Structures are given as structure tokens and as C-alpha cells.
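K.L.:
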Amino acid sequence: MPREGSKPQIDSALVHQLAQLLEETGLTEIEYGTQEWHLRVAKGGLAPATFAAIAGPSAPAPAIAPVENDPAKHPGAVLSPMVGVAYIRPEPDAVPFIQVGDEVRVGQTLVLIEAMKVFNPIKCARAGKVTRILVANGAPVEYGEPLLIVE
Amino acid sequence: MPREGSKPQIDSALVHQLAQLLEETGLTEIEYGTQEWHLRVAKGGLAPATFAAIAGPSAPAPAIAPVENDPAKHPGAVLSPMVGVAYIRPEPDAVPFIQVGDEVRVGQTLVLIEAMKVFNPIKCARAGKVTRILVANGAPVEYGEPLLIVE
Amino acid sequence: MFEKILIANRGEIALRIHRACREMGIRTVAIHSTADADAMHVRLADEAICIGPPSPAKSYLNAHAILSAATISNAEAIHPGYGFLSENADFAQMVEEHGFVFIGPSPDHIRLMGDKIVARTTAKEAGLPVVPGSPGAVESLAEAGTIAADIGYPVLIKASAGGGGRGMRVADTAADLQSAFEQARKEAENSFGNPEVYIEKYLRTPRHIEVQILADAHGNVVHLGERDCSLQRRHQKFLEEAPSPALNEAERTKIGRIAADAARKIGYRNLGTMEFLYENGEFYFIEMNTRLQVEHPVTEMISGLDLVREMIRVAAGAPLGFAQEDIRFSGHAIECRINAENPVTFMPCPGRVGDYHAPGGLGVRVDSALYAGYTVPPYYDSMIAKLIVYGTNRNECLMRLRRALEEFVIDGLETTIPLHQRLVTEPDFINGEYDNRWLERFVGGQ
Amino acid sequence: MFEKILIANRGEIALRIHRACREMGIRTVAIHSTADADAMHVRLADEAICIGPPSPAKSYLNAHAILSAATISNAEAIHPGYGFLSENADFAQMVEEHGFVFIGPSPDHIRLMGDKIVARTTAKEAGLPVVPGSPGAVESLAEAGTIAADIGYPVLIKASAGGGGRGMRVADTAADLQSAFEQARKEAENSFGNPEVYIEKYLRTPRHIEVQILADAHGNVVHLGERDCSLQRRHQKFLEEAPSPALNEAERTKIGRIAADAARKIGYRNLGTMEFLYENGEFYFIEMNTRLQVEHPVTEMISGLDLVREMIRVAAGAPLGFAQEDIRFSGHAIECRINAENPVTFMPCPGRVGDYHAPGGLGVRVDSALYAGYTVPPYYDSMIAKLIVYGTNRNECLMRLRRALEEFVIDGLETTIPLHQRLVTEPDFINGEYDNRWLERFVGGQ
Numbered sequence: 151m152p153r154e155g156s157k158p159q160i161d162s163a164l165v166h167q168l169a170q171l172l173e174e175t176g177l178t179e180i181e182y183g184t185q186e187w188h189l190r191v192a193k194g195g196l197a198p199a200t201f202a203a204i205a206g207p208s209a210p211a212p213a214i215a216p217v218e219n220d221p222a223k224h225p226g227a228v229l230s231p232m233v234g235v236a237y238i239r240p241e242p243d244a245v246p247f248i249q250v251g252d253e254v255r256v257g258q259t260l261v262l263i264e265a266m267k268v269f270n271p272i273k274c275a276r277a278g279k280v281t282r283i284l285v286a287n288g289a290p291v292e293y294g295e296p297l298l299i300v301e
Numbered sequence: 151m152p153r154e155g156s157k158p159q160i161d162s163a164l165v166h167q168l169a170q171l172l173e174e175t176g177l178t179e180i181e182y183g184t185q186e187w188h189l190r191v192a193k194g195g196l197a198p199a200t201f202a203a204i205a206g207p208s209a210p211a212p213a214i215a216p217v218e219n220d221p222a223k224h225p226g227a228v229l230s231p232m233v234g235v236a237y238i239r240p241e242p243d244a245v246p247f248i249q250v251g252d253e254v255r256v257g258q259t260l261v262l263i264e265a266m267k268v269f270n271p272i273k274c275a276r277a278g279k280v281t282r283i284l285v286a287n288g289a290p291v292e293y294g295e296p297l298l299i300v301e
Numbered sequence: 034m035f036e037k038i039l040i041a042n043r044g045e046i047a048l049r050i051h052r053a054c055r056e057m058g059i060r061t062v063a064i065h066s067t068a069d070a071d072a073m074h075v076r077l078a079d080e081a082i083c084i085g086p087p088s089p090a091k092s093y094l095n096a097h098a099i100l101s102a103a104t105i106s107n108a109e110a111i112h113p114g115y116g117f118l119s120e121n122a123d124f125a126q127m128v129e130e131h132g133f134v135f136i137g138p139s140p141d142h143i144r145l146m147g148d149k150i151v152a153r154t155t156a157k158e159a160g161l162p163v164v165p166g167s168p169g170a171v172e173s174l175a176e177a178g179t180i181a182a183d184i185g186y187p188v189l190i191k192a193s194a195g196g197g198g199r200g201m202r203v204a205d206t207a208a209d210l211q212s213a214f215e216q217a218r219k220e221a222e223n224s225f226g227n228p229e230v231y232i233e234k235y236l237r238t239p240r241h242i243e244v245q246i247l248a249d250a251h252g253n254v255v256h257l258g259e260r261d262c263s264l265q266r267r268h269q270k271f272l273e274e275a276p277s278p279a280l281n282e283a284e285r286t287k288i289g290r291i292a293a294d295a296a297r298k299i300g301y302r303n304l305g306t307m308e309f310l311y312e313n314g315e316f317y318f319i320e321m322n323t324r325l326q327v328e329h330p331v332t333e334m335i336s337g338l339d340l341v342r343e344m345i346r347v348a349a350g351a352p353l354g355f356a357q358e359d360i361r362f363s364g365h366a367i368e369c370r371i372n373a374e375n376p377v378t379f380m381p382c383p384g385r386v387g388d389y390h391a392p393g394g395l396g397v398r399v400d401s402a403l404y405a406g407y408t409v410p411p412y413y414d415s416m417i418a419k420l421i422v423y424g425t426n427r428n429e430c431l432m433r434l435r436r437a438l439e440e441f442v443i444d445g446l447e448t449t450i451p452l453h454q455r456l457v458t459e460p461d462f463i464n465g466e467y468d469n470r471w472l473e474r475f476v477g478g479q
Numbered sequence: 034m035f036e037k038i039l040i041a042n043r044g045e046i047a048l049r050i051h052r053a054c055r056e057m058g059i060r061t062v063a064i065h066s067t068a069d070a071d072a073m074h075v076r077l078a079d080e081a082i083c084i085g086p087p088s089p090a091k092s093y094l095n096a097h098a099i100l101s102a103a104t105i106s107n108a109e110a111i112h113p114g115y116g117f118l119s120e121n122a123d124f125a126q127m128v129e130e131h132g133f134v135f136i137g138p139s140p141d142h143i144r145l146m147g148d149k150i151v152a153r154t155t156a157k158e159a160g161l162p163v164v165p166g167s168p169g170a171v172e173s174l175a176e177a178g179t180i181a182a183d184i185g186y187p188v189l190i191k192a193s194a195g196g197g198g199r200g201m202r203v204a205d206t207a208a209d210l211q212s213a214f215e216q217a218r219k220e221a222e223n224s225f226g227n228p229e230v231y232i233e234k235y236l237r238t239p240r241h242i243e244v245q246i247l248a249d250a251h252g253n254v255v256h257l258g259e260r261d262c263s264l265q266r267r268h269q270k271f272l273e274e275a276p277s278p279a280l281n282e283a284e285r286t287k288i289g290r291i292a293a294d295a296a297r298k299i300g301y302r303n304l305g306t307m308e309f310l311y312e313n314g315e316f317y318f319i320e321m322n323t324r325l326q327v328e329h330p331v332t333e334m335i336s337g338l339d340l341v342r343e344m345i346r347v348a349a350g351a352p353l354g355f356a357q358e359d360i361r362f363s364g365h366a367i368e369c370r371i372n373a374e375n376p377v378t379f380m381p382c383p384g385r386v387g388d389y390h391a392p393g394g395l396g397v398r399v400d401s402a403l404y405a406g407y408t409v410p411p412y413y414d415s416m417i418a419k420l421i422v423y424g425t426n427r428n429e430c431l432m433r434l435r436r437a438l439e440e441f442v443i444d445g446l447e448t449t450i451p452l453h454q455r456l457v458t459e460p461d462f463i464n465g466e467y468d469n470r471w472l473e474r475f476v477g478g479q
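Top to bottom, those sequences are chains A, B, C and D.
Quick note on the working numbering: the first sequence kicks off at 151 and runs consecutively.
Quick note on the working numbering: the second sequence kicks off at 151 and runs consecutively.
Quick note on the working numbering: the third sequence kicks off at 34 and runs consecutively.
Quick note on the working numbering: the fourth sequence kicks off at 34 and runs consecutively.
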């Protein structure tokens with residue numbers, strides 16, 4: 151990680167740029183950060199700023215994953231409750247339990263997870279429409295891995 | 151490893167710079183940080199500015215030394231040009247070369263530094279008044295150590 | 034040799050096992066809870082699989098999840114490390130039943146040594162000296178009184194299912210027996226769901242000395258000398274050294290031979306440790322640990338062997354590459370366990386590590402999964418680093434330990450480093466004159 | 034034994050010497066330039082004295098300032114490390130004249146080996162095999178032609194006052210001689226203020242093999258085996274190993290004995306290294322380094338000795354604690370020099386270190402004065418760390434080296450770690466089949 155010296159310096163152009171974005175987007179606050187630096191601009195009578203800690207000396211790996219793209223963080227994500235192998239069909243030649251676009255009801259089997267030679271049905275906990283299926287048939291899944299999204 | 155505290159210090163110029171940016175951009179708040187430091191300024195009906203001193207990844211060393219209290223940083227400091235033993239008198243029983251309050255002229259001997267059995271006169275490079283004498287007679291001194299202050 | 038090993042543990046020991054695998058050209062699978070996604074062993078392993086939430090019961094103790102992870106990653110063998118499932122015979126058996134190799138002893142041997150009463154009987158039959166005591170479980174206070182009178186006070190009442198110092202009470206005289214007996218049973222019931230207790234002679238100033246055993250699947254058994262682990266606080270080892278400053282060469286050779294013979298007699302396989310109390314020149318078997326020990330590095334330093342590598346080799350069916358007479362001990366090694374704890378109150382102190390700087394140079398080894406910016410999770414053991422120092426003799430080792438402790442920087446957490454620093458300047462410790470109760474007194478009986 | 038030693042150096046070697054002193058109970062005085070006020074050796078030493086501005090000439094090469102620092106700190110002895118004033122006979126003499134002990138050989142021996150022509154003659158007289166060449170300085174092109182024709186092409190023209198590869202030119206045939214001769218003289222003049230050159234037979238595929246010598250003030254001399262330092266780039270060693278993969282036991286014993294005998298003959302004292310070229314089973318003496326070498330740790334790993342401790346003991350007048358027959362070599366050790374340089378262009382890259390995490394575990398030693406947040410100053414050598422790895426055999430050592438390189442994190446700077454990582458997977462290196470020119474070819478002749 152290339153790192154500049156410790157002398158505090160403010161990049162005014164960056165502040166101006168964010169201020170303009172604020173104008174253009176009609177937002178009241180923009181907070182922007184990387185591992186190295188952090189910038190927040192706000193406008194109007196906002197709640198007091200809460201400033202989250204800077205990533206810090208971050209270990210060998212990237213500390214922050216792109217939050218918006220992580221399906222595990224999606225409010226409609228159905229996460230695997232166990233490590234195992236996911237199946238989206240009851241039998242190799244059967245039709246899948248669900249397909250994208252299906253309306254699903256509470257209690258309906260969405261996926262099977264095979265663990266220790268036992269097939270565990272993963273049931274729907276909240277009715278909605280399947281918008282994404284994130285696992286392939288027969289794919290290994292970790293604990294907490296998103297299987298599909300129901301919205 | 152002995153460690154000094156990283157004494158928080160405020161860089162007023164930085165605060166002024168952000169305050170001016172606030173004016174220019176019409177923002178009410180700017181928060182700016184790097185891994186090393188973090189600064190937030192706000193205006194209007196907001197909570198008062200908080201200066202969250204971020205310890206940061208700061209190595210064992212203090213990032214910023216307390217400038218005002220370090221005599222070596224004083225503009226009138228006379229620094230030792232070598233490592234050795236300082237003498238403030240020409241002989242053990244003689245009167246000191248200088249005393250606090252003396253007016254000194256360019257070329258006048260202020261202190262002797264003994265190094266390798268040679269006594270090196272440290273001469274005054276800028277006329278002024280001696281406001282502090284920082285070494286005791288016979289004290290060892292390092293390279294760059296402040297000997298006295300002439301203002 | 035195995036192509037891929039799953040490491041069923043976390044922290045420094047997962048990293049230790051990973052390193053041995055890498056050095057043997059074996060691919061590694063790390064398992065982890067959600068709390069350990071950023072852990073060092075996870076970062077370094079070839080593959081990492083999240084197996085559950087932070088709670089150990091749902092992750093590192095979850096046999097089903099671990100076996101599923103082994104299945105989906107096509108691992109051939111599982112190394113259990115220490116703690117967690119390492120001495121769980123049912124787990125070892127499940128591992129074998131699912132067609133994986135368990136890197137450790139057979140489930141039967143784990144089971145045998147897991148029950149402390151059976152272990153004691155087995156040890157006695159195999160020729161190990163044991164502490165005089167009840168032949169088996171003691172059911173009534175009356176029976177306890179008879180046995181105690183017979184072996185002589187003070188006596189120790191211990192839970193059959195016990196460990197970690199729970200379910201243990203001392204009776205100094207016959208007058209203390211009733212309350213000690215009842216309290217031990219109650220604590221045993223609460224801690225292990227089994228009130229069964231037994232009685233042993235209580236030694237006043239014993240040392241904890243353990244012998245490292247290594248056996249292959251072909252009947253070859255060697256001992257790798259002893260470790261002195263007398264410096265304990267609340268039955269938790271704090272600092273270990275090898276060789277023991279209390280033993281002479283003849284005692285060392287003798288107890289080593291006795292331990293190896295016993296392991297041979299019971300048909301033991303892989304790595305194991307026989308723990309003894311030592312007082313007045315006599316050894317008394319207390320238990321056998323059927324796994325890798327936290328303090329194994331001190332043995333590695335003085336024997337020149339890599340014990341994790343040996344465990345893997347033996348588990349793969351390879352014969353030992355040396356006989357007892359090929360093993361040479363040289364020098365002295367000390368291990369300091371560094372815990373994220375207040376060094377005075379011993380309150381655990383999980384949290385974010387600020388600066389981290391391990392000591393280096395000649396004769397210094399650090400086994401730790403810490404790094405700057407890592408957050409020590411509050412769910413698991415507080416041991417965060419092991420500092421292992423080698424010297425050509427004990428004095429050199431102590432001097433080196435002192436300078437290494439001066440160099441160790443772990444910021445952001447309270448650690449036991451200051452206590453180790455105090456310890457290494459204590460005359461009793463410098464002279465090797467300490468017993469199992471010394472450290473408790475030193476830290477103020479806390 | 035000394036009470037207090039001044040360490041007249043910086044960087045990892047100052048830290049190395051500090052560690053040895055601490056472990057012997059000796060107090061340390063660090064000296065430093067203003068650029069090194071935050072350096073690790075300064076932080077750890079008992080006392081630290083700033084002796085000058087960043088320029089080496091005004092600080093680490095400033096004999097007067099160093100002696101003043103020794104005086105005001107009441108040090109008894111001065112350890113010069115390597116580089117800087119370590120092989121400056123006048124400095125060693127001044128140290129002695131001021132009543133301090135110089136931890137190294139006598140000024141006379143430094144002087145003797147400092148002049149390469151005198152060193153060669155002395156070595157020859159002391160029984161060391163030398164490269165065929167001119168008996169002394171070669172003054173004219175005509176004389177050079179006669180000698181070159183006599184010993185046979187290719188020949189090497191070398192500066193008498195030379196070192197570090199400067200003032201050296203190869204003439205492959207008689208046609209190249211004139212330009213090589215003139216260029217070598219010119220470069221010698223520019224680099225050392227002395228145009229004197231001599232001529233040697235040029236070996237096409239030699240290995241650089243050096244023998245470590247240790248002698249006390251009572252006439253006892255031992256050798257500590259050899260190091261293979263053939264992996265060099267622009268005459269800078271890059272990776273060193275011990276023992277050499279090219280020597281067999283008989284060759285090892287023979288060259289060690291010859292080197293020790295020669296040291297005994299010339300009355301040498303303290304630590305020294307005789308460097309040889311090795312080709313087709315023959316050794317040719319090139320020079321003797323009258324100081325501690327950068328690569329001394331590989332010898333420490335296989336001999337179990339602490340060479341800095343031995344230097345200090347011998348300088349204090351203590352006799353060697355062992356004879357040649359007591360020294361046992363076991364296992365294999367490799368040192369990687371890690372420089373703050375671009376691994377492709379080798380451009381130095383000073384600057385601020387971000388994350389720093391040294392590898393740990395069994396058999397891994399790191400000698401480095403780096404820490405997270407430290408700024409590598411641009412005024413000095415670019416070597417920032419030495420990774421030393423031990424294994425019971427060369428293969429184990431290589432495997433361990435590979436995993437240690439994977440774990441090493443030095444952020445914020447470019448380093449040579451990626452080049453070491455490439456190197457350890459190269460078949461030639463794995464097979465030990467390399468000579469002094471192999472690395473230059475490997476990195477593309479840069």
C-alpha cells in the first residue's frame with residue numbers, strides 16, 4: 151500500500167467536487183472514504199454527524215467489500231444456515247423448486263442443503279417474489295452464504 | 151519500547167482552510183480524514199465541531215512532537231555542532247562565558263565543546279540577548295542538542 | 034502423503050498446522066466462524082469455509098458442519114488441533130466413518146484416556162506410577178473416609194469427568210472431608226452433568242512434568258523428553274520449559290522410557306502426552322492428553338523435530354524416521370503464553386490490536402495469529418501469542434527471553450507480557466525453584 | 034566481561050549487536066544520525082547519542098564523533114558491525130589508542146587484508162590456494178599482456194584498493210586487454226583515488242564460497258564451515274546458504290582446515306571470513322573480510338553458535354569455549370536479503386513502511402529493524418530485513434522458506450520479496466545448480 155507522509159493536507163478540489171455533487175443530486179450529505187482517506191460533506195440542518203472509524207492499518211486483505219453489491223446484505227436474502235451442498239431441484243431430472251419470478255409463500259421449500267448425507271429443506275420464511283437465485287445446483291455453500299433473494 | 155504520548159495538537163491553518171471552503175461552497179459541514187488524522191468543521195444549527203483525534207495506525211513513534219516546548223525548535227536556539235562535553239566556563243574557577251540576560255555579539259565564544267580532547271569554541275552567529283542556558287558545565291551533549299537560546 | 038488437509042481449529046494452532054502443511058506441500062482448508070472471517074489462518078489457507086456463527090457450539094464444536102466442510106472441499110484428513118473437538122472420541126470416530134483420516138490417535142484411545150478413572154487404571158496396568166487413591170469412583174462419604182484414612186491426608190477429591198480444575202476439592206484433615214466431598218460432587222454435577230468423584234493423595238509441593246510420546250501405526254514408539262509446566266494459575270499453564278530444571282539425566286531417561294513403554298503396551302498411535310506430578314524424586318501419573326499440546330514448541334526446540342509434521346506423517350501411515358537412540362536433546366527452551374488479559378486481575382481483554390511487533394533475531398520464535406488491526410473476538414480463548422525462546426543452556430535462554438519480552442509490542446489490548454517480565458526477574462524462577470502452587474502465590478493468590 | 038558497549042552502526046546489524054549484548058547482560062549505547070532518531074536500535078538501547086547529520090561521512094563514518102560518544106557514555110568497547118568503519122584500520126587503531134576495546138581483529142590485520150595485493154600474497158604464504166595471477170601491481174599494458182598470456186585468457190583486471198565490484202574488468206582475449214586495462218585503472222582512480230590494478234585468471238562459472246573463521250587471543254582458531262554466496266547481482270549478495278549444495282563432506286573439511294590453519298599462521302584474532310571462488314573442485318582465495326558478515330546468521334543456524342556473542346567474548350580476552358572437534362553442523366539454513374528496491378528495476382525505494390508483519394513459527398528467524406510506520410531513510414543501504422530459515426535438510430529449508438515468504442508483509446515500499454518468491458520456485462535454484470553469474474542471467478542481466 152503506497153502511503154503518503156503524515157502531514158495533514160486538504161484537497162480543496164475534492165471538497166468542491168463533492169459539494170457540487172451535493173447540489174446536483176439534491177442530497178444533504180455525502181460521505182466518501184477509502185482505506186487511506188475519508189471525506190464527508192453535508193448541507194442543511196442535519197442530525198449530528200456520526201463518523202465511523204477509519205479502516206485503519208488494515209491487514210493483508212482488503213478490509214471493506216463493496217456493500218451494495220453483496221447479496222448477503224440484501225434485506226431479502228435467504229442465507230444458508232449450514233455448510234453443505236445446495237440443490238435447487240428435488241431430483242436430478244425434476245423441475246427446480248423455484249425459478250426467478252416465482253411468487254413464494256411461507257413454508258415452501260426453496261432449496262435443499264445436503265450436509266452429512268442428510269438433505270435439509272430450506273423453507274421460505276417470508277412470502278414474496280424470487281428475484282435472484284444465487285447458487286447453482288450441486289454447488290458447495292458456506293454458512294451464511296446467500297442462496298437466493300425474495301422481495 | 152518506551153513511547154511518548156502522541157500529544158494532540160491542532161493545526162489552526164487547517165481549520166481555517168476548511169472554514170473557508172465551507173464559506174466558498176455553501177456547505178454546513180465538512181469532515182475530512184486520512185489514516186493519520188481527521189478533522190470536521192461545521193456551521194449553523196449543528197453540533198459544535200468535534201475534533202476526533204484519531205490515534206491511527208501510528209507507529210511506536212509519536213507522529214507529531216510538541217513543537218513549542220522543544221527548545222531545539224526555538225528560532226534563537228544555538229545547537230551543538232558535535233557530540234562531546236559542554237563547558238560554560240573557560241576554566242573550572244573562571245566566570246562563565248555568558249549568563250542569562252547577557253547581550254552577545256557575533257563571534258563571541260558562548261560555550262566550549264570538548265571532543266577528542268580538543269576544546270572547540272562555539273561562537274555566536276547572531277547577536278542578541280541570552281534568554282536561556284540549557285546545559286550544565288561538564289554535561290555531555292549530543293549533536294544537535296540545544297545549548298542556549300539567544301533572542 | 035495427503036494432498037489436502039482440513040484444519041478444524043482457529044487461532045495460533047490453526048496457523049501452526051497450516052505452516053506444517055505448507056512446508057510438506059499439502060493444501061489447506063481453513064474452517065471458521067463468522068467472527069473469524071479475517072483471521073490469519075483463514076487468510077493464508079488455500080481454501081476457507083465459513084461453518085457457522087461465532088458460538089463455538091455452532092461452529093468449531095459442530096462436528097456435522099466440519100465434516101460437511103471436509104466433504105465439499107475434498108479434504109483427505111482432518112487435524113483437530115487442541116481444545117474444541119481434539120479429544121472428542123465420537124468426533125474422531127465420525128471422521129473415520131466418513132472416510133477421512135483423523136490426525137491423532139484412534140477413537141478408542143481417546144475414549145480410554147477421556148475417562149479419568151479408566152485412564153488411571155489403564156496407566157497403572159501399563160506400568161505407570163500413579164498417585165495412591167481410590168480404585169474407582171467413590172460413592173459415599175463413608176467410603177471416602179475409609180480411603181482417605183488409608184492413603185493419608187491431605188487428599189484430593191476429583192470429578193471423574195473432570196478437567197480444567199473444575200470439580201476438585203482438597204481435604205486437609207478428616208474434618209474437611211465432608212464439605213470437600215459434597216462440594217466436589219456438586220461442582221462435578223454442574224460442570225459435567227455427572228457427580229461421580231474419586232479420591233487421590235494430595236501432593237503439597239508437586240511439579241507438573243509431562244512426557245511427550247510419539248508413536249507410528251507400526252508399533253514404533255519414542256519419547257521426546259519432558260516439559261515442566263508447573264507454572265500454572267487456576268490450573269491454566271502460564272509458562273513451560275524443557276528440559277525441567279528439577280530432573281537429572283537419569284530421572285529424565287527413566288520416566289521417558291516408562292512412558293514410552295506404557296504407550297507401546299496400550300497400542301497408542303500418533304502424538305500424546307503423559308502428565309505426571311513430581312515430588313521428592315517420585316512421579317505420579319495424572320492423565321494422558323491424546324492430542325497436540327499448546328506447549329509442544331519447547332519440545333520441538335530441544336529435539337529439532339517438527340511435531341505437527343510428525344503427526345501428519347504418522348497419520349498417513351508412514352513409519353517414524355528415527356528410533357529412540359537417534360533423538361538428541363540439546364539446549365533449553367521456554368514458552369510464554371501471552372493472553373489478552375489484564376496482567377493483575379486476569380480479566381479477559383478482547384478488542385482491536387493496535388501496533389503489533391513481534392520480537393525477532395537468534396533463538397526467538399513467535400507462534401501467533403495476531404496482526405496489527407486484527408480484532409480479538411470475545412468468543413474464544415484469550416491466548417493470543419506464544420513466545421518461544423531457545424538457548425544453548427537455561428541461563429542463555431532466560432537472558433534471551435528477557436530481551437525478547439522487552440521487544441514485544443501488542444498495543445490496544447492488555448496482555449500478560451508485564452507479568453512474564455516480572456516473572457523472568459524472580460530469583461525462584463531463575464533458580465528453577467518452583468512448584469505447581471508457586472505462581473498462584475506470586476500473583477497474590479488471585 | 035564488558036559492562037557497556039557502544040554500537041557504531043545502524044539498522045538491522047545495530048539491533049543484532051544490541052540483542053547479543055542484552056543477552057549477555059551488557060548495557061548498550063546506540064549512536065545515530067539525526068535521520069535515525071526513531072530507529073529501532075535507538076529505541077531499544079540503554080542510551081542513545083545523536084552524533085551528526087544524516088550524511089554518513091558526518092555521522093556513521095565520523096570516527097571523532099563516535100569516540101566522543103564512547104567517552105561521554107563511558108563505554109568500554111566498540112562494536113563496528115559491518116560496512117561503515119568496520120574494516121577501517123585507522124579507526125580500529127584510534128579506538129585502541131583511546132583506551133577502548135575494538136570488537137574485531139587487530140588494526141594490523143585489518144590493514145593487511147585491506148590491501149588486496151598484500152592480502153593475496155599473505156594468503157598464499159599462509160597456505161591458501163589463490164587464483165593464478167600477477168605477483169603484484171601491474172603497471173603497464175605490456176606487462177599485463179605478458180602475464181595474461183602466461184596464465185591464459187580470460188583474465189580479470191582488478192583495482193588493488195577495490196571492493197564492491199568497482200575497478201574490475203574482464204578481458205576475454207588479447208584483443209580486449211587494452212580497453213579492459215585502461216577502464217579498470219580509470220575506474221579505480223575515480224572510485225578509490227588509486228589507479229593501481231593487478232591481474233588474475235578469470236573463472237567462467239565459479240561459485241562464491243566463504244569460510245567462517247573464529248579465533249581467540251590465545252592462539253585457538255576454529256572454522257565454522259562454509260557459506261555459499263554465489264547468488265549475487267552486481268557483486269551484491271542476494272541470498273546465502275549453508276552448507277553449500279556444491280561441496281561434499283571431504284571438500285568442506287579440507288577447505289575449513291586450510292582456512293583455519295592460515296588464520297593461525299597469520300596470528301588472526303576474532304571473527305573473519307575467507308572468501309574463495311570455487312570451480313571444478315578447486316578453491317581460489319579472493320579476499321578476507323575482517324569483520325562480521327551480513328550473512329553470518331546462516332552459520333549460526335547450522336552451528337548453534339551466536340557469532341556476535343563469540344566476538345564479544347573473544348574481544349574481552351576469553352578463550353574459545355570449544356575446539357574444532359566440538360563443533361557440529363546440522364541441518365540447512367538460507368538467508369534472503371530483503372531490500373527496499375523495485376524487484377525488477379532494483380531502483381531503491383526508501384519511504385514510510387505501512388503494515389509490517391514478519392513471518393513466525395518453527396525454523397524462521399527475522400533480523401530486521403523495521404516496524405510499521407517506520408520511515409526508511411534515503412541516506413543509507415537499502416537492505417531492510419534478513420529472513421533466515423532453518424530446516425533439517427535443504428529441501429525442508431526450501432519448503433519453509435517458501436511459506437515464510439508468503440507470510441511476509443512489508444507495505445508501503447517496494448521490496449525484493451517478489452524476486453525471492455520467484456527464485457525459490459526455480460528448478461536451478463532448487464537443485465542447487467547455480468554459479469556467481471546465474472542470478473544476473475535470471476533477472477535478465479540487469
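For every residue, glycine included, the Cβ atom is placed at its ideal position computed from N, Cα and C.
Treat the numbers as computed from the prediction; the structure is a model and nothing was measured.
Would you mind working out which of GLU259(C), GLY314(C), HIS131(C) and VAL341(C) sits nearest ARG361(C), comparing C-alpha positions?
P.N.:
Of GLU259(C), GLY314(C), HIS131(C) and VAL341(C), the residue nearest in Cα terms is GLU259(C).
K.L.:
I need the straight-line Cα distance from GLU130(D) to LYS267(B), nearest angstrom please.
P.N.:
13 Å
K.L.:
Which residue comes first and which comes last in the beta strand (DSSP E) that contains LEU174(D)?
P.N.:
That residue, LEU174(D), is in no beta strand (DSSP E); its alpha helix (DSSP H) goes 174-184.
K.L.:
Cα-Cα, which of GLU429(C), LEU247(C) and GLU172(C) is closest to ALA296(C)?
P.N.:
Closest option to ALA296(C), judged by alpha-carbon separation, among GLU429(C), LEU247(C) and GLU172(C): LEU247(C).
K.L.:
DSSP three-state label for HIS241(C), please.
P.N.:
strand
K.L.:
Is VAL442(D) helix, strand or coil when you go by DSSP?
P.N.:
strand
K.L.:
What is the residue span of the alpha helix (DSSP H) that PHE475(C) lies within?
P.N.:
471-475
K.L.:
Indicate whether at least one CB of chain B lies closer than 8 Å to the CB of LEU100(D).
P.N.:
For LEU100(D), the answer is yes, since a Cβ of chain B falls inside 8 Å of its Cβ.
K.L.:
If you reduce the DSSP assignment to three classes, tell me which class ALA81(C) lands in.
P.N.:
In this structure, DSSP gives ALA81(C) an extended state, which the three-state scheme calls strand.
K.L.:
For CYS369(D), which beta-bridge partners are listed by DSSP?
P.N.:
Residue pairing of CYS369(D) in beta bridges, as defined by DSSP: LEU272(D) and LEU420(D).
K.L.:
Here's the rule: buried if 16 or more other CB atoms are within 10 angstroms of the residue's CB, otherwise exposed. What is PHE318(C)?
P.N.:
Answer is buried; the Cβ neighbour count reaches 16.
K.L.:
What distance in whole Å lies between the Cβ atoms of PHE214(C) and LEU272(C), which are believed to be in contact at a cut-off of 8 Å?
P.N.:
Contact check for LEU272(C) and PHE214(C): beta-carbon distance about 33 Å, past the 8 Å limit, so the pair fails to qualify.
K.L.:
Contact defined as beta carbons within less than 8 Å: I believe ASN287(A) pairs with ARG255(A). What is the distance between those atoms, to the nearest angstrom?
P.N.:
Rounded to the nearest angstrom, the Cβ distance from ASN287(A) to ARG255(A) is 22 Å, too far for a contact under 8 Å.
K.L.:
Should ARG324(C) go down as buried or exposed, given a rule of 16 or more other Cβ atoms within 10 Å for buried?
P.N.:
buried
K.L.:
Identify each residue in the region 382-406 of chain C for which the Cβ-Cβ distance to at least one residue of chain D is less than 7 Å, and report them in chain order.
P.N.:
When CB distances to chain D are screened at a threshold of 7 Å, the residues of the region 382-406 of chain C falling below it are ASP388, HIS390, ALA391, GLY393, GLY394, LEU395, ARG398, VAL399, ASP400, SER401, TYR404 and ALA405, in chain order.
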